[in-house]
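S.K.: This is the structure I have questions about; it appears just below.
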Amino acid sequence: MSIYKSQDGKIASIKLYDAQLQKLGYLFSDKYVTTSFGKIHLIETGNMKGKPLLVFHGGNSTTAYNLLMYKFLLKDFHVYAIDTIGHPGKSDEVCLSSNNYDYGKWASEVITAIGYDKISCFGVSFGGGILAKLMCIAPEKIEKAVLVVPAGINNALPISSVKMLIPLIKYVVTKKEKYLKETALYMALSEIVLDEDTLDTIKDSFDNVKTKVGMPSNIMRKLLRNYKTPTLVMAAEKDCLFPAKRVLSRAKTIIPNCKVHMLKGCGHMHIMPQYEKKMIVDFLIDS
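For the sequence shown, the working numbering assigns the number 288 to the last residue and increments by one with no breaks.
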């Protein structure tokens with residue numbers, strides 16, 4: 002069963018994906034690897050002499066958009082940016098359960114398939130939830146881990162995002178951009194965050210993709226007992242999905258060797274200032 006609403010919707014979504022990749026300003030190559038879950042597409046880009054970094058994007062979004070938002074990683078790291086299976090992009094349209102640890106098993110297989118025994122990992126939102134599942138399933142395969150506004154640590158109750166439904170329904174009915182922005186503002190808080198690429202990606206998700214509501218479920222503490230990897234968790238103070246107060250307190254409790262940082266005043270979608278970008282780069286590079 003397709004993850005897209007129509008064949009035309011799939012074509013439009015892939016067209017946006019390719020257009021956003023061209024905006025990177027970096028050479029990149031398309032790669033395909035095989036896992037037991039299906040064929041996986043990834044973008045290899047960045048600094049080919051840099052430290053390898055496996056990157057997981059947010060849900061109902063794409064790795065092309067994620068690379069634009071975290072483009073600063075490309076200067077220092079040899080990036081493998083994965084199209085999450087069952088989400089928009091060029092990997093197989095096979096949907097995994099977000100309530101078990103299949104995403105962790107899948108991510109573990111991806112690491113092996115791209116030729117590594119161990120690699121540093123970076124995950125955003127849904128991708129942070131995938132990384133959290135991987136921490137439980139194959140801790141030995143993670144060299145360092147950075148999770149930004151992550152699912153899977155201490156998710157907010159679904160009722161916290163119910164308010165988004167009213168403007169979303171208005172957008173679905175009218176297709177007026179003002180309702181698209183109203184919906185996005187529950188996650189972004191400020192229109193400054195809603196640049197062209199962000200709005201294009203949100204519009205693509207609502208227009209062309211069968212949106213997935215479920216996020217990776219919270220991981221169990223007992224499954225992290227063998228996880229000793231240096232980890233940085235960054236959560237947004239005003240995130241309606243994964244609020245920092247909930248996420249950071251539990252991260253400190255359940256994840257050994259964990260540093261935490263609050264993105265103050267930010268919603269789930271945000272613009273990261275330079276000093277926080279540097280914090281990520283320094284954490285991943287420092288031995």
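Think of the CB as a built atom: it goes at the ideal place given N, C-alpha and C, for glycine as much as any other residue. Computed from a predicted model, the values in this text were never measured in an experiment.
1) By the DSSP assignment, the beta strand (DSSP E) with glycine 124 in it spans what residues?
2) Looking only at its own chain, which residues have a Cβ that is under 7 Å from the Cβ of isoleucine 112, when we skip the five neighbours before and after it?
3) When you compare the stretch 234-242 with the stretch 150-160, are there three or more beta-carbon pairs, one atom per stretch, that lie closer than 8 Å?
4) Give the range of the beta strand (DSSP E) segment to which alanine 157 is assigned.
5) Quick check: the stretch 216-225 against the stretch 127-136, are there 3 or more CB pairs under 8 Å?
6) Go ahead and pull the three-state DSSP assignment for threonine 63.
7) Got a sec, what are the start and stop residues for the alpha helix (DSSP H) glycine 10 sits in?
8) Give me the residue from Gly39, Lys106, Glu45 and Gly268 with the minimum Cα distance to leucine 22.
9) Answer yes if the stretch 93-106 comes into contact with the stretch 66-79, meaning at least three C-beta pairs across the two stretches below 8 Å, and no otherwise.
10) According to DSSP, is phenylalanine 29 helix, strand or coil?
11) Quick one: which unbroken alpha helix (DSSP H) runs of 4-plus residues sit fully inside the stretch 142-216? Chain order, please.
12) Please report the straight-line C-alpha distance between isoleucine 1 and methionine 235, rounded to a whole angstrom.
13) Within the chosen definition, does the stretch 2-16 reach the stretch 194-209 through at least 3 CB pairs nearer than 8 Å?
14) Could you check the C-alpha separation between threonine 175 and proline 168 for me, to the nearest Å?
15) Checking the sheet assignment: what are the DSSP bridge partners for phenylalanine 57?
16) Just the Cα atoms here: how many angstroms apart are lysine 177 and isoleucine 41?
17) So what does DSSP say about alanine 114, is it helix, strand or coil?
18) Using CA atoms only, rank isn't needed, just tell me which of Arg251, Asn101, Ile281 and Tyr276 is closest to valine 149.
19) What is the DSSP secondary structure of valine 282, reduced to helix, strand or coil?
20) What residue does the alpha helix (DSSP H) around alanine 237 start on, and which one ends it?
21) Between which two residues does the alpha helix (DSSP H) containing lysine 246 stretch?
22) Could you give the residue range of the beta strand (DSSP E) that holds methionine 49?
23) Taking the Cβ atom as the reference point for each residue, do valine 210 and lysine 6 lie within a distance shorter than 9 Å?
24) Does the beta-carbon of aspartate 283 have 16 or more other beta-carbons within 10 angstroms, so that it is buried, or is it exposed?
25) Roughly how many angstroms separate the alpha carbons of lysine 171 and threonine 212, rounded to a whole number?
26) Which partner residues of leucine 242 appear in the DSSP bridge assignment?
27) Are the Cβ atoms of valine 125 and proline 151 separated by less than 9 Å?
28) For proline 217, I'd like the list of residues in its chain whose CB is within less than 7 Å of its CB, leaving aside the five on either flank, ordered along the chain.
M.R.: The relevant details are as follows:
1) By 1-based counting over the sequence shown, the position of residue 124 is 123. Its beta strand (DSSP E) spans residues 120-125.
2) Position 111 of the sequence shown holds residue 112. Cβ within range, chain order: Leu55, Ile120 and Lys142.
3) yes
4) Residue numbering aside, residue 157 sits at position 156 when the sequence shown is read from its first letter. Here alanine 157 belongs to no beta strand (DSSP E), and DSSP marks it neither H nor E.
5) yes
6) Taking the first residue of the sequence shown as 1, we reach residue 63 at position 62. If DSSP states are grouped into helix, strand and coil, threonine 63 belongs with coil.
7) Reading the sequence shown from its first residue, position 9 is the one you call residue 10. Per DSSP, glycine 10 belongs to the alpha helix (DSSP H) from 8-23.
8) Translated into positions along the sequence shown, residue 22 becomes position 21. Looking at the Cα atoms, Glu45 is the closest of the given residues.
9) no
10) Position 28 of the sequence shown, counted from the start, is the residue given in the question as residue 29. Three-state result, phenylalanine 29: strand.
11) 166-175, 178-189 and 197-209
12) This structure leaves residue 1 out entirely; the chain is present only between 2 and 288.
13) yes
14) The sequence position of residue 175 within the sequence shown is 174, counting from 1. The sequence position of residue 168 within the sequence shown is 167, counting from 1. Distance between the alpha carbons of threonine 175 and proline 168 is about 10 Å.
15) One-based indexing of the sequence shown puts residue 57 at position 56. Note: phenylalanine 57 sits in a beta bridge opposite Ile83 and Gly124.
16) Residue numbering aside, residue 177 sits at position 176 when the sequence shown is read from its first letter. Residue numbering aside, residue 41 sits at position 40 when the sequence shown is read from its first letter. So the alpha carbons of these two residues sit roughly 35 Å apart.
17) Position 113 of the sequence shown, counted from the first residue, corresponds to residue 114. Reduced to three states, the DSSP call for alanine 114 is helix.
18) Along the sequence shown, read from residue 1 onward, the residue named residue 149 stands at position 148. Taking only the C-alpha atoms, the option nearest valine 149 is Ile281.
19) Position 281 of the sequence shown, counting from 1, holds the residue named residue 282. Of the three classes helix, strand and coil, the one that applies to valine 282 here is helix, per DSSP.
20) Position 236 of the sequence shown holds residue 237. Not the alpha helix (DSSP H): alanine 237 falls in the beta strand (DSSP E), residues 232-237.
21) Stepping through the sequence shown from its first residue, residue 246 is reached at position 245. 245-255 is the extent of the alpha helix (DSSP H) around lysine 246.
22) Position 48 of the sequence shown, counting from 1, holds the residue named residue 49. Per DSSP, methionine 49 belongs to no beta strand (DSSP E) and is neither H nor E.
23) What you label residue 210 is simply residue 209 of the sequence shown in a count that begins at 1. What you label residue 6 is simply residue 5 of the sequence shown in a count that begins at 1. Yes, the pair counts as a contact, with Cβ atoms nearer than the cut-off.
24) Taking the sequence shown and counting its residues from 1, one reaches residue 283 at position 282. Exposed is the call here.
25) Within the sequence shown, numbered from 1, the residue matching residue 171 stands at position 170. Within the sequence shown, numbered from 1, the residue matching residue 212 stands at position 211. Going by the C-alpha atoms only, they are around 16 Å apart.
26) Mapped onto the sequence shown, residue 242 falls at position 241. Bridge partners of leucine 242: none, in fact.
27) Residue numbering aside, residue 125 sits at position 124 when the sequence shown is read from its first letter. Residue numbering aside, residue 151 sits at position 150 when the sequence shown is read from its first letter. Cβ atoms of valine 125 and proline 151: closer than 9 Å.
28) By one-based count along the sequence shown, residue 217 stands at place 216. Answer for proline 217: Ser99, Tyr104, Phe127, Gly130, Ile131, Ala133, Lys134, Ala152 and Gly153, listed in chain order.
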